[in-house]
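Numbering (my numbering), first residue to last: 522 to 740.
All residues carry an ideal CB built from backbone N, CA and C; glycine is no exception.
Notes for the one structure printed next.
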Amino acid sequence: MTDVVLPCRNEAAALPDLLARMPAGYRPIVVDNGSTDGSAAVARAHGAEVISVAQPGYGAAVHAGVLTADPADGVVCVMDADGSFDPAQLPRVADLVRTGVARLGVGRRRPAARAVWPLHARAANAALAWRLRRTSGLPVHDIGPVRAVRRDDLLALRLRDRRFGYPLELLIAAGRAGWPVVEVDVDYHPRAAGTRSKVTGTLRGTLRAVRDMSAVLAR
């Protein structure tokens, strides 16, 4: 059974459909990070394991989920809980790691409709990915919101960021460790109705994420 960590803050509207589409052999772990809309109760009602994390921040939620994941399978996936990704595509990313093609598999967003990815967020992501390619040599074009890695490998990196800089810190650490990092296309859909992105939904959110990631790059 492959565990799927779903960092979650106020995603109650997205969870029923998302959890219903989880592929066989993949177990969802919803990490509630301060939701006020009943996300935790919705997730439990739809069969997910739920843990709550008081420390705010995307990285804090992901780290707690990874610690909770069962080490028996070895591979753990991370995916946003907002309904913008299809869980059926998780094997595309996880199989890169399971077959030894990569030690870190990353989903590269391919918008499935116009206006899915706001220009300000897309430009910020492209700039960060370009800087990462230039400084690390990693062949990545997205600061992947969907990824797969072996749990023990990930924990051994001892990532410190607990905010939006976590995905970038992971890529930097993987590059420094000499890991093969492989991207694969994943469809990027509109978020579920009734949810709002903490990053791409507003210019302020995007700037906050860029600030966190820039701090990681400056280390």
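A residue is called buried once 16 or more other Cβ atoms fall within 10 Å of its Cβ, and D706, having fewer, is exposed.
For a cut-off of 8 Å, the C-beta gap from V670 to V574 is around 20 Å, too long to register as a contact.
Beta-bridge annotation (DSSP): D524 is paired with R548 and V597. With respect to the 8 Å criterion, A602 and V571 are not classified as neighbours on the basis of their beta carbons.
Annotated three-state conformation of L625 is strand, per DSSP. Residue state for A669 is assigned as strand, using DSSP reduced to three classes. D674 and D591 do not touch by the CB rule: their CB atoms are close to 15 Å apart, not below 8 Å. Straight-line measurement puts the Cα of L640 at about 10 Å from the Cα of N646.
Under the three-state reduction of DSSP, E704 is assigned to strand. If you check the CB distance, P528 and G586 come in under 8 Å.
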